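*Asks:*
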Amino acid sequence: MPSRELERLQAVNRFLTLEIDKEKELNDIVRMAAEICGTSTALITLLDDKTQYIKFKVGFDKETTRKKDAFCAHVIENDEVMMVPDALLDGRFASNPLVTGNPNIRFYAGAPLTTQDGHNLGSLCVIDPAPKLLSSLQLQMLEVLSRQVIHILEFEISVTILKKQYTEARNSEIKLRSFFESSKSCHLLLGKNYEILAFNKSLEKFILSTFDQTISEGTDIRSFVHEDHFQSFTENYKNALTGISAVSENYLSYEHTSIWWYMTYEPAYNQAGEIIGVSFNATDITKRISQEKLVIAQNDSLKKIAFMQSHELRRPVSTIMGIMDLIKSEDYVTDREELQVLEKAVEELDDKIRMIVNYT
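Sequential numbering from 1 applies to the sequence shown in full-length UniProt numbering.
(1) Three-state secondary structure (DSSP) at residue 264?
(2) In the DSSP assignment, find the unbroken beta strand (DSSP E) run with residue 278 in it and report its ends.
(3) Quick one: give me the first and last residue of the beta strand (DSSP E) that residue 128 is part of.
(4) Report the rounded CA-to-CA distance for residue 103 versus residue 152, giving the unit in angstroms.
(5) Between which two residues does the beta strand (DSSP E) harbouring residue 51 extend?
(6) State the DSSP-derived secondary structure class of residue 254, mapped to helix, strand or coil.
(7) Grouping DSSP H, G and I as helix and E and B as strand, with all else coil, what is residue 269?
(8) May I have a chain-ordered list of the beta strand (DSSP E) segments no shorter than 3 residues that lie completely inside the UniProt domain "GAF" (21-163)?
(9) Determine the contact status of residue 112 and residue 75, defining contact as a CB-CB distance below 7 Å.
(10) With a Cβ-Cβ cutoff of 7 Å, do residue 220 and residue 194 count as a contact?
(11) From the DSSP secondary-structure annotation, give me the bridge partner or partners of residue 196.
(12) Spell out the partners DSSP gives residue 7 in its beta bridges.
(13) According to the Cβ coordinates, are residue 381 and residue 94 closer than 7 Å?
(14) Skipping 5 residues on each side, what residues in its chain have a beta carbon closer than 8 Å to that of residue 216?
(15) Closest Cβ-Cβ distance between residue 90 and chain D: below 7 Å?
(16) Over what stretch of residues does the alpha helix (DSSP H) that includes residue 235 continue unbroken?
(17) Residues in its own chain within less than 6 Å of residue 251 by CB, not counting five upstream and five downstream?
(18) Could you check whether the stretch 115-122 touches the stretch 132-143, counting it as contact only if at least three pairs of C-beta atoms, one from each stretch, sit closer than 8 Å?
(19) Straight-line CA distance for residue 207 to residue 18?
(20) Out of 122, 269 and 278, point me to the one whose CA is closest to residue 46's CA.
(21) Just verifying my parser: in three-state terms, what is the DSSP assignment at residue 225?
(22) Within 10 angstroms of its Cβ, does residue 244 collect 16 or more other Cβ (buried), or is it exposed?
(23) Using the C-alpha atoms, what's the distance from residue 264 back to residue 248?
(24) Using DSSP's beta-bridge definition, name the partner residues of residue 202.
(25) Do you know whose CA, among 160, 20, 89 and 241, lies nearest residue 276's CA?
(26) Could you tell me which residues DSSP puts in a beta bridge with residue 247?
(27) Quick check on DSSP: helix, strand or coil for residue 361?
(28) Per DSSP, which one or two residues make a beta bridge with residue 259?
(29) Determine the burial state of residue 159: buried for a count of at least 16 other Cβ atoms within 10 Å of its Cβ, exposed for fewer.
(30) In chain order, what residues of the same chain have a beta carbon less than 6 Å from the beta carbon of residue 218, not counting five sequence neighbours either side?
(31) What's the gap between the Cα of residue 269 and the Cα of residue 192?
(32) If you draw a straight line from the alpha carbon of residue 226 to that of residue 271, how long is it in whole angstroms?
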């Protein structure tokens with residue numbers, strides 16, 4: 001199948017599955033075509049590779065016909081109005097079952113429904129059981145009405161696409177906003193002049209609890225930047241506006257608390273790839289830093305304990321073991337000085353053990 005025909009069939013399928021809101025307007029056009037041309041029947045048809053679909057009609061009882069029997073199949077092969085004054089006298093249609101049987105077509109005139117990209121989807125046609133001729137004005141009016149039909153159909157499909165895109169974008173926005181608002185980190189989108197474009201609830205709560213103020217879109221964020229952090233904030237902000245990302249960790253003291261912040265500065269882009277502002281995010285890492293300090297302190301304690309085990313504990317333990325060997329001998333006679341040495345060694349060992357307990 002030629003690629004052009006494949007594209008046409010894809011376009012037809014889009015229109016066949018289209019939920020049309022402007023049915024009244026299309027039905028009005030069908031009735032108007034029949035009145036202008038003085039015929040008993042008028043149709044709006046769409047044709048795929050096998051079937052002619054009658055979408056809107058007056059004076060006709062069929063919903064579909066075979067494409068090979070459709071007069072409109074000849075219309076879509078051309079880009080102009082086709083008129084058949086008497087089908088019985090036209091070799092293309094004389095034996096057509098739609099001519100020899102119900103609805104006994106004798107007269108036919110149809111204008112192609114041509115999309116903006118040049119695909120002929122079907123036709124606006126008028127038929128009658130009696131032979132006739134249309135004036136050039138009537139044929140011209142039929143063509144004008146066919147263009148109005150395609151305008152309505154293309155408008156409908158454009159609206160459908162826009163609705164779908166809007167729904168998808170809205171769903172995406174809802175998901176993003178849900179993440180944005182549920183995050184415990186402070187998220188902030190800034191414009192090119194420090195103005196707030198968007199912020200989440202975590203940032204709003206922090207500003208309210210820390211500064212006893214509320215923020216809103218358009219507010220200059222510099223009013224809420226800690227003085228100890230002001231210079232690095234503005235430098236990183238300006239760098240982000242040039243496309244350079246930045247990360248920093250800052251310990252800042254406020255009136256009622258102190259916080260370790262992990263901060264990121266990222267350039268914010270629009271769909272055209274242009275930098276429109278800065279995405280700033282701040283995460284409270286105070287617990288993480290405290291945990292890291294605790295681990296470091298515990299490691300230092302373990303090192304001190306290991307040193308004491310390998311060096312300082314050996315001396316009193318060796319003294320005690322030496323005196324114990326003397327005591328075990330059969331001819332040992334208690335000596336006051338040795339007992340004092342033993343007592344001192346025990347006290348020293350007790351002190352070292354207490355130190356180890358304190359380290360843990």
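Each residue gets a CB set at the ideal place from its N, CA and C atoms; glycine is no exception.
Since the model is a prediction, treat every value here as computed from it, not as a measurement.
*Replies:* Looking at the coordinates:
(1) strand
(2) 275-284
(3) Counting along the chain, the beta strand (DSSP E) containing residue 128 begins and ends at 120-128.
(4) 28 Å
(5) 51-58
(6) coil
(7) strand
(8) 41-47, 51-58, 64-66, 82-84, 107-114 and 120-128
(9) yes
(10) yes
(11) 190
(12) According to DSSP, residue 7 bridges with nothing at all.
(13) Missing from the structure shown is residue 381; the chain here goes from 1 to 360 and no further.
(14) 196
(15) This model lacks chain D altogether; it includes just one protein chain.
(16) 230-241
(17) 260
(18) no
(19) Looking at the backbone, the Cα of residue 207 and that of residue 18 are separated by about 50 Å.
(20) 122
(21) coil
(22) Exposed, since its Cβ has fewer than 16 Cβ neighbours within 10 Å.
(23) Going by the C-alpha atoms only, they are around 7 Å apart.
(24) DSSP output for residue 202 lists no bridge partner at all.
(25) 241
(26) 264
(27) A question about residue 361 goes unanswered here, because the residues of the chain that appear run from 1 up to 360.
(28) 252
(29) A residue is called buried when at least 16 other Cβ atoms come within 10 angstroms of its Cβ; residue 159 does not meet this threshold and is exposed.
(30) For residue 218, the CB contacts under 6 Å within the same chain, skipping 5 residues up- and downstream, are 195 in chain order.
(31) A direct Cα-Cα distance of roughly 12 Å separates residue 269 from residue 192.
(32) 33 Å
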